[in-house]
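*Asks:*
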Amino acid sequence: EAGVTQFPSHSVIEKGQTVTLRCDPISGHDNLYWYRRVMGKEIKFLLHFVKESKQDESGMPNNRFLAERTGGTYSTLKVQPAELEDSGVYFCASSRAGQGARNEQFFGPGTRLTVL
Amino acid sequence: AQKVTQAQTEISVVEKEDVTLDCVYETRDTTYYLFWYKQPPSGELVFLIRRNSFDEQNEISGRYSWNFQKSTSSFNFTITASQVVDSAVYFCALRGTSYGKLTFGQGTILTVHP
Numbered sequence: 005e006a007g008v009t010q011f012p013s014h015s016v017i018e019k020g021q022t023v024t025l026r027c028d029p030i031s032g033h034d035n036l037y038w039y040r041r042v043m044g045k046e047i048k049f050l051l052h053f054v055k056e057s058k059q060d061e062s063g064m065p066n067n068r069f070l071a072e073r074t075g076g077t078y079s080t081l082k083v084q085p086a087e088l089e090d091s092g093v094y095f096c097a098s099s100r101a102g103q104g105a106r107n108e109q110f111f112g113p114g115t116r117l118t119v120l
Numbered sequence: 032a033q034k035v036t037q038a039q040t041e042i043s044v045v046e047k048e049d050v051t052l053d054c055v056y057e058t059r060d061t062t063y064y065l066f067w068y069k070q071p072p073s074g075e076l077v078f079l080i081r082r083n084s085f086d087e088q089n090e091i092s093g094r095y096s097w098n099f100q101k102s103t104s105s106f107n108f109t110i111t112a113s114q115v116v117d118s119a120v121y122f123c124a125l126r127g128t129s130y131g132k133l134t135f136g137q138g139t140i141l142t143v144h145p
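Taken in sequence, the protein lines are chains Z and X.
Each residue of the first sequence is one higher than the one before, counting from 5 in the working numbering.
Each residue of the second sequence is one higher than the one before, counting from 32 in the working numbering.
#1: Note down, in chain order, every chain Z residue with its Cβ under 7 Å from the Cβ of G131(X).
#2: Taking 7 Å as the CB-CB limit, is Q88(X) close to chain Z?
#3: Bridge partners for R126(X) per DSSP, in chain order?
#4: Helix, strand or coil: how does DSSP classify K101(X) here?
#5: In three-state terms, what does DSSP make of L88(Z)?
#6: Under 8 Å: do the region 100 to 111 of chain X and the region 46 to 60 of chain X share three or more Cβ pairs, one atom per stretch?
#7: Of the choices S57(Z), R40(Z), P65(Z), M64(Z), whose alpha-carbon is the least far from that of E75(X)?
#8: Quickly, what does DSSP pair F85(X) with across the bridge? List them, please.
#9: Taking CB distances under 7 Å as the criterion, tell me whether E108(Z) reaches chain C.
#10: Check whether chain X comes within 7 Å of F11(Z), counting only Cβ atoms and requiring the distance to be less than that.
#11: Would you grab the beta carbon distance between P113(Z) and Q21(Z) for me? Rounded to a whole angstrom, and I think it's under 8 Å.
#12: I'd like to check one pair, I140(X) with E57(X): are the Cβ atoms closer than 7 Å?
#13: Within 7 Å of any Cβ in chain X, is that where the Cβ of E128(Z) sits?
#14: Excluding five sequence neighbours on each side, which residues of the same chain lie with their C-beta closer than 6 Å to the C-beta of T134(X)?
#15: What does a CB cutoff of less than 8 Å around T62(X) pick up in its chain, not counting 5 residues either side in sequence?
#16: Could you list which residues in chain Z have their beta carbon closer than 9 Å to that of F135(X), in chain order?
#17: Hey, is the region 30 to 49 of chain Z in contact with the region 91 to 103 of chain X, meaning 3+ C-beta pairs nearer than 8 Å?
#18: Could you work out which residue in V23(Z), Q109(Z), V93(Z), V16(Z) is closest to Q84(Z) when comparing CA atoms only?
#19: Please compile the residues from chain Z whose C-beta is within a distance smaller than 7 Å of the C-beta of E41(X).
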């Protein structure tokens, strides 16, 4: 069974540009999460999808961030326009449906975003 | 609000030493789950263990063991006879009753020297 995959692994862009990160969860996982780790600090929650619906987007920093999950499969996270403080590692995770609090989340390798 | 504190930013040990990584948490939920993840140099977060708030039994898995104490809100992780391959960043995390987001600590960088 393939794990969570993320693309690209690294992205270097200039301030003001747009970047789109992609996450492919484990097949059959209804729950999909985005997290971010900035400058060696703690990993922070961004948002949670259940299938194609946003269950919780309380961690999204501002309206420059837009997440979608078309058809309840893969998800994209777009940053437009990117700012310097958006630099960090963006992780995606997925988990099975039901008993959500108990199920462990499986993480992807992350996308390292650098905004110059 | 939930909070996880990993007070040890970096730990350095020599191979075969035992090492304990501390984790202290705060939550108002009566039911919650605690996790440990390992982040090796390759970058992905690897799930190590889940513990629910009703189960305070310590757990051992090979060289790894976990000590959960509700009285002190701690969920510490011990590696016995450490090996170079244990070098990684270790994260403690908490999830409350509203299933979904994990609250992570800042991580502890463990370096095991040969």
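Built from N, CA and C at the ideal position, the CB exists for glycine as well.
In this text, all values refer to a predicted model and were calculated from it rather than measured experimentally.
*Replies:* So, from the data block:
#1: Per Cβ cutoff of 7 Å: H52, Q59, D60, G104.
#2: For Q88(X), the answer is no, since every Cβ of chain Z falls outside 7 Å of its Cβ.
#3: The partner list for R126(X) (beta bridge, DSSP) reads Y64(X).
#4: helix
#5: L88(Z) falls in the helix class under three-state DSSP.
#6: yes
#7: Ranking S57(Z), R40(Z), P65(Z), M64(Z) by Cα distance to E75(X) puts R40(Z) first.
#8: Per DSSP, none; premise fails for F85(X).
#9: Structure shown: chain C not included; protein chains present are Z and X.
#10: Between F11(Z) and chain X, the shortest Cβ-Cβ separation is not below 7 Å.
#11: Contact doesn't hold; Cβ gap of about 23 Å is too wide.
#12: No, they are not a contact pair.
#13: Any property of residue 128(Z) remains undetermined from this structure, which presents chain Z solely from 5 to 120.
#14: Q33, V35, L125
#15: Correct list, in chain order: N83, S84, F85, G127, T128.
#16: Y39, R41, E46, I47, K48, F49
#17: Counting Cβ pairs under 8 Å, fewer than three are found: no touch.
#18: Among V23(Z), Q109(Z), V93(Z), V16(Z), the Cα nearest to that of Q84(Z) is on V23(Z).
#19: Result: empty, since nearest Cβ-Cβ is about 11 Å, beyond 7 Å.
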